[in-house]
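Undergrad:
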Amino acid sequence: MKSFGRINLLLLLAVVALAVAPLALGLGSGEEPFTGADALAEEAIVADHPDYEPWFSSIYEPPSGEIESALFALQAALGAGFLGYYFGVARTRQRLRDERTAGGDPAAD
3 MKSFGRINLL LLLAVVALAV APLALGLGSG EEPFTGADAL AEEAIVADHP
53 DYEPWFSSIY EPPSGEIESA LFALQAALGA GFLGYYFGVA RTRQRLRDER
103 TAGGDPAAD
């Protein structure tokens with residue numbers, strides 16, 4: 003196995019370990035041990051100011067937490083796909099510019 007293959011394998015194992023370790027070690031507490039920052043902030047605000055009224059409500063409230071998580075994952079996947087596409091195009095354009103410049107093409111940028 004080439005060295006970059008070993009490095010990729012080690013990185014993959016590290017990511018898996020970071021994802022599985024909190025679940026395996028039972029970290030977190032309460033009914034929903036890994037709630038998001040929004041829920042924790044709302045709990046803190048209500049605890050400090052029980053009469054607090056939000057200024058506005060959500061445009062769309064998903065019917066369950068699973069659907070909310072799925073929509074968040076979809077949003078993250080679309081963003082990652084867009085960034086990956088952008089960086090791939092930018093890298094290819096730069097590589098083509100470098101090849102034209104190295105070839106001595108006078109019409110190059």
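Everything in the sequence shown is counted per the numbering used here, starting at 3 for the first residue and increasing by one. The beta carbon of each residue, even a glycine, is placed where N, CA and C say it ideally should be.
1. Below 8 Å between beta carbons: does that hold for L76 and P64?
2. Can you grab the Cα-Cα spacing for the pair S71 / A79, in whole Å?
3. With 16 other CB atoms within 10 Å as the buried threshold, where does D111 fall?
TA: For this structure:
1. No, they are not a contact pair.
2. 12 Å
3. For D111, the predicted model reports a pLDDT of 49, less than 50, meaning its position is unreliable; a value from the coordinates is still stated below. Counting Cβ neighbours within 10 Å, D111 comes out exposed, since fewer than 16 surround it.
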